[in-house]
Structures are given as C-alpha cells and as structure tokens.
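Contents: one structure, followed by commentary.
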Amino acid sequence: MELIDKAMLIKKLYSEKVKEVIGLVGIAWAESLLNTLPTVDAVSVVRCKDCARRNPSADLTDTVLCTWLHNLTMPKDGFCSYGERRVDNRKID
C-alpha cells in the first residue's frame with residue numbers, strides 16, 4: 001500500500017498542463033474516482049532509534065533499550081505510542 005496526499009494530487013490535476021492534455025471532463029472524472037478511494041488516518045511515528053526515551057548509553061547491534069518500558073530491548077525500527085523525537089536529532093546506526 002502506498003499513501004498519497006489526495007488534496008495535493010487533485011490540485012495538480014487542475015494544473016494548466018493537465019487541462020491541456022485531458023481537459024476538464026477528464027479532470028472531473030479523475031477527481032471523482034479519487035474521492036471513491038479508501039483513506040487512511042496515517043500519523044507519523046518516531047522510530048525507537050530516534051526516540052528521546054531510548055537509553056543513549058546502550059550500543060547494541062539492531063536494538064535499543066527503551067527507558068519508558070523499563071529498559072526493554074526494542075528493535076531500532078520499532079515504534080510505540082509513547083515515542084518522542086530526540087531534540088539533538090543524533091542517530092545511531
């Protein structure tokens with residue numbers, strides 16, 4: 001599955017270049033088709049490797065220690081609802 005910004009795509013449909021190629025009827029058809037597609041309520045997440053709550057002293061291979069979850073070992077690409085992005089934006093790889 002891929003996520004798109006439907007509003008941005010519809011805005012691009014109404015550009016002069018697209019109007020020349022498919023006309024207003026084609027644009028209206030494409031917009032109505034887009035409006036029938038299912039939507040996803042997506043939110044951006046903070047991966048464990050970028051989280052402020054990970055243990056910064058832990059230097060493990062593919063995991064980090066989560067201080068929020070009592071130093072539970074988590075995968076670097078994991079995430080949870082408690083994640084907060086680190087302010088310094090340093091990444092461990």
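My numbering numbers the first residue of the sequence shown as 1 and each following residue consecutively.
The beta-carbon is built from N, C-alpha and C at its ideal position, and this holds for glycine as well.
Remember, it's a predicted structure, so these values are computed and weren't measured experimentally.
Item, Value
"Give me the residue from PRO38, LEU65 and ASP41 with the minimum Cα distance to ASP50.", "LEU65"
"Could you have a look at LEU69 and say whether DSSP puts it in helix, strand or coil?", "coil"
"Thinking C-beta only, is ARG47 closer than 8 angstroms to PHE79?", "yes"
"Tell me which same chain residues have a C-beta within less than 6 angstroms of the C-beta of ASN71, skipping the five on either side of it?", "LEU65"
"Return the residue from the list TRP29, ASP5, VAL45 and GLU2 that minimises the CA-CA distance to ARG85.", "VAL45"
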